[in-house]
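Here the sequence shown is numbered in the numbering used here, starting from 16 and rising by one per residue. One structure below.
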Amino acid sequence: MRQPLVAGNWKMNGSREGIFELLKGIREGVKDLAGVDIAVCPPYIYIPEVQGQLHGSPVSWGGQDLSLQQQGAYTGEVSGSMLLDFGCKYVIVGHSERRSYHAESDQQVAEKYQSALDVGLVPILCIGETLEQREQNATEDVVARQLDTVIARCGIAALKNGVIAYEPVWAIGTGKTATPEQAQQVHGFIRGMIAQHDSAVAEKIQILYGGSMKPSNAAELISKPDIDGGLIGGAALKAADFLDICKAASFQA
């Protein structure tokens, strides 16, 4: 039985004061929750703050990206070992905003997945299609290509130590949301694709939904057999909303 994971991606949001209050609410609210893994991924500069507040709690934390390099003259970059130094467990790789705004290729994402594994971080691999690709009925082709590149670079066994987040890019920040049935269809495709390589890995890996999950739709989405939680954007910035999603996931465990 896979335990659900709810991971908050704060993106480039927050302030010291706001984060203090957000984490205070989350830490208090998770005390009675069981059967769900919980994590937050703040901007780099706030990771020490998060570490200080969440240390000793059941909530893990992680980075939103990592460099392909381990060290050196790479201004503005942050390595996986640096994230590890501040207690990070997870790191997001291949988020649609990185692929789009920073032109990250499938191959670069695969290399980042391997870099995360090399230092002992759990990569959260984001894959998913744009609206144009969905309208062209290319969803499965896009998802397969993105995942195949990681498998080719890292090997199928590497997925045992990671997480996948399916992001329908057309449903992020647009007000649109994939129906639970649409989401399940793609999640089922992803798990089936992995099962063709290794059924044990397919059964074990957590596949999160990353398309505007919120309190009003979380329970129905997570009730689907191949949806193992969520990568949460906007709703992760409000403690009450984030906790409601965590509670919905804990009830499915």
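Quick reminder that beta carbons are idealized off the backbone N, C-alpha and C, glycines included. From a predicted model like this one, the values you see are computed outputs, not experimental measurements.
Residues sharing a beta bridge with VAL65, DSSP | Counting from one through the sequence shown, the residue named residue 65 turns up at place 50. DSSP, once it has assigned bridges, lists no residue as partnering VAL65.
Thinking C-alpha only, which one of ALA88, ASN152 and ARG168 is nearest VAL201?
-> Stepping through the sequence shown from its first residue, residue 201 is reached at position 186. Looking at the Cα atoms, ASN152 is the closest of the given residues.
8 Å Cβ cutoff met for CYS141 and ILE171 = The residue labelled residue 141 in the question sits at position 126 within the sequence shown. The residue labelled residue 171 in the question sits at position 156 within the sequence shown. Going by C-beta atoms, CYS141 is not nearer than 8 Å to ILE171.
ALA125 and CYS169 closer than 8 Å at C-beta | Mapped onto the sequence shown, residue 125 falls at position 110. Mapped onto the sequence shown, residue 169 falls at position 154. Yes, the Cβ-Cβ distance between ALA125 and CYS169 is below 8 Å.
Kindly indicate the opening and closing residues of the alpha helix (DSSP H) around ASP121.
-> Taking the sequence shown and counting its residues from 1, one reaches residue 121 at position 106. Following the DSSP letters along the chain, one finds ASP121 inside the alpha helix (DSSP H) bounded by residues 121-134.
For GLY138, the three-state DSSP class (helix, strand or coil) | On the sequence shown, residue 138 is found 123 positions in, with the first residue counted as 1. Reading the sequence as shown, one finds Pro at residue 138 and not Gly. Three-state DSSP puts PRO138 in a strand.
Roughly how many whole angstroms lie between the Cα atoms of MET208 and SER130?
-> Reading the sequence shown from its first residue, position 193 is the one you call residue 208. Reading the sequence shown from its first residue, position 115 is the one you call residue 130. Those two C-alpha atoms are separated by around 23 Å.
What whole-angstrom Cβ distance do ILE205 and ILE179 have, given they're in contact under 8 Å?
-> As a first step, residue 205 must be located in the sequence shown, where it is residue number 190. As a first step, residue 179 must be located in the sequence shown, where it is residue number 164. With 8 Å as the limit, ILE205 and ILE179 qualify as a contact, their Cβ atoms being about 6 Å apart.
What number of angstroms, rounded off, separates the C-alpha of LEU162 from the C-alpha of LEU37?
-> One-based indexing of the sequence shown puts residue 162 at position 147. One-based indexing of the sequence shown puts residue 37 at position 22. Computed Cα separation, rounded: 34 Å.
Contact under 8 Å by Cβ, ILE237 with ALA263 = Against the sequence shown, residue 237 aligns to sequence position 222. Against the sequence shown, residue 263 aligns to sequence position 248. Yes, they are a contact pair.
Cutoff 7 Å; reference PHE257; Cβ partners in own chain excluding five residues on either side = The residue you call residue 257 lines up with position 242 of the sequence shown. So the list reads GLY23, ILE41, ILE247, ALA250 and ALA251, once near-sequence residues are dropped.
Decide if LEU218 is buried, meaning its Cβ has at least 16 other Cβ atoms within 10 Å, or exposed.
-> Translated into the one-based positions of the sequence shown, residue 218 becomes position 203. Here residue 218 is Glu; the residue named in the question, Leu, does not match the sequence. With fewer than 16 Cβ atoms within 10 Å of its Cβ, GLU218 is classed as exposed.
CB of GLY109 within 8 Å of CB of GLU119, strictly = The residue given as residue 109 occupies position 94 in the sequence shown. The residue given as residue 119 occupies position 104 in the sequence shown. Yes, these two residues count as a Cβ contact at 8 Å.
Rounded to whole angstroms, what's the CA-CA distance from SER306 to TRP185? Just pull it up for me.
-> Given that the chain is displayed from residue 16 to residue 268, the structure contains no residue 306 and the question cannot be resolved.
Opposite ASN24 in the DSSP bridges: which residues?
-> The residue you call residue 24 lines up with position 9 of the sequence shown. Looking at the DSSP assignment, ASN24 forms a beta bridge with CYS56.
Just curious, the alpha helix (DSSP H) that VAL201 is in, first and last residue?
-> The residue you call residue 201 lines up with position 186 of the sequence shown. That run of the alpha helix (DSSP H) goes 195-210.
Whole-number beta carbon distance between TYR59 and VAL93, since they are thought to touch under 8 Å | Working through the sequence shown from its first residue, we reach residue 93 at position 78. Working through the sequence shown from its first residue, we reach residue 59 at position 44. That pair is a contact at about 5 Å.
Is the beta carbon of SER111 less than 8 Å from the beta carbon of GLU182?
-> Sequence index remark: in the sequence shown, residue 111 carries index 96 (1-based). Sequence index remark: in the sequence shown, residue 182 carries index 167 (1-based). Yes, these two residues count as a Cβ contact at 8 Å.
Relative to the alpha-carbon of VAL165, which residue among GLN123, GLU147, ALA198 and LEU20 has its alpha-carbon at the smallest distance?
-> Position 150 of the sequence shown holds residue 165. Nearest C-alpha to VAL165: GLN123.
Distance, Cα to Cα, ASP100 vs LEU132?
-> Mapped onto the sequence shown, residue 100 falls at position 85. Mapped onto the sequence shown, residue 132 falls at position 117. Approximately 15 Å between the Cα atoms of the pair.
For ASP52 versus LEU20, is the C-beta distance shorter than 8 Å?
-> Translated into the one-based positions of the sequence shown, residue 52 becomes position 37. Translated into the one-based positions of the sequence shown, residue 20 becomes position 5. Yes, the pair counts as a contact, with Cβ atoms nearer than the cut-off.
Does the Cβ of PRO90 have 16 or more other Cβ atoms within 10 Å, making it buried, or fewer, making it exposed?
-> Reading the sequence shown from its first residue, position 75 is the one you call residue 90. Sequence check: residue 90 is Thr here, not Pro. THR90 counts as exposed, since fewer than 16 other beta carbons sit within 10 angstroms of its beta carbon.
To the nearest angstrom, report how far apart LEU146 and LEU48 are at their CA atoms.
-> Along the sequence shown, one-based indexing puts residue 146 at 131. Along the sequence shown, one-based indexing puts residue 48 at 33. Between LEU146 and LEU48, the C-alpha separation is close to 36 Å.
Does the Cβ of ARG149 have 16 or more other Cβ atoms within 10 Å, making it buried, or fewer, making it exposed?
-> Within the sequence shown, numbered from 1, the residue matching residue 149 stands at position 134. Counting Cβ neighbours within 10 Å, ARG149 comes out buried, since at least 16 surround it.
Apart from the five residues just before and just after GLN85, which ones in its own chain have a Cβ nearer than 6 Å to its Cβ?
-> Stepping through the sequence shown from its first residue, residue 85 is reached at position 70. Same-chain partners within the cutoff: SER94.
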